[in-house]
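Here's the structure, in structure tokens; my notes come after.
Residue numbers (this note's numbering): 2 to 192.
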């Protein structure tokens, strides 16, 4: 049986009205009905917009055949870095300990896969995992659409990391041809 991991900072339940969460919830439940073993790794720690506990949401997802997990963002080592880099490094360590997946699917937003994809690209880890980036809109895309300039150097670094995640992915898919065209125009993805 194929084992799929969906990594996301946004999922229905803990987060309300998120486009990424809606898409990944539908993807997870659909894959589960097709007989695949599906885990979702929620990467936003204890963040929740809901009064229900994470355990309540986990039980609900299990009724659909999906295992909902939460990434522990407490690192054993101290890293002086922005949140998104710490989170990507915590995810890298989590994947090192959980190399049981055939396929890993994540979005480009927040660059959760950055360090994991670097490791695969340089040949040190994850050679047997297929990484798929399902684009939903990067921080640069959102900032441009809102006529917003980068707030600081961390914002510029996040733009770069999100771009790199798309470039290093084994496969890139998108719910929108418009978004793929925008990325090609901005040279944020290979043509």
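Here a beta-carbon is modelled for each residue, glycine too, at the ideal position from N, C-alpha and C.
Member of 105, 16, 41, 60 whose CA lies at the smallest distance from the CA of residue 71:
41
Under the three-state reduction of DSSP, which class applies to residue 30: helix, strand or coil?
helix
Please state if the CB of residue 112 and the CB of residue 166 are separated by a distance shorter than 8 Å.
yes
Any 3 or more C-beta pairs closer than 8 Å across the stretch 159 to 177 and the stretch 127 to 140
yes
Return the residue from the list 57, 13, 180 that minimises the CA-CA distance to residue 44.
13
Shortest alpha-carbon distance to residue 94 belongs to which of 82, 108, 109, 73?
73
Am I right that residue 131 and residue 171 are in contact with their C-beta atoms under 8 Å? What's the rounded C-beta distance?
5 Å
Does DSSP put residue 87 in a helix, a strand or coil?
helix
Which word fits residue 62, buried or exposed, when buried means at least 16 other C-beta atoms lie within 10 angstroms of its C-beta?
buried
Can you tell me which of the three DSSP states residue 144 falls into?
helix
With C-beta atoms as the reference, is residue 175 less than 8 Å away from residue 147?
no
Collapsed DSSP secondary structure at residue 166 in the structure displayed:
helix
Anticipated Cβ contact below 8 Å, residue 9 with residue 107, distance rounded
7 Å
What are the start and end residues of each continuous beta strand (DSSP E) run of 3 or more residues lying completely inside the stretch 57 to 117, in chain order?
67 to 71, 104 to 107
Counting along the chain, where does the alpha helix (DSSP H) carrying residue 182 start and finish?
178 to 186
So, using beta-carbon positions, are residue 169 and residue 118 closer together than 8 Å?
yes
Within 10 angstroms of its Cβ, does residue 27 collect 16 or more other Cβ (buried), or is it exposed?
exposed
By a C-beta neighbour count over all protein chains shown, 10 Å radius and 16 as the cutoff for buried, is residue 195 buried or exposed?
Because the chain is modelled from 2 through 192, residue 195 falls outside the range shown and cannot be assessed.
Go ahead and pull the three-state DSSP assignment for residue 37.
coil
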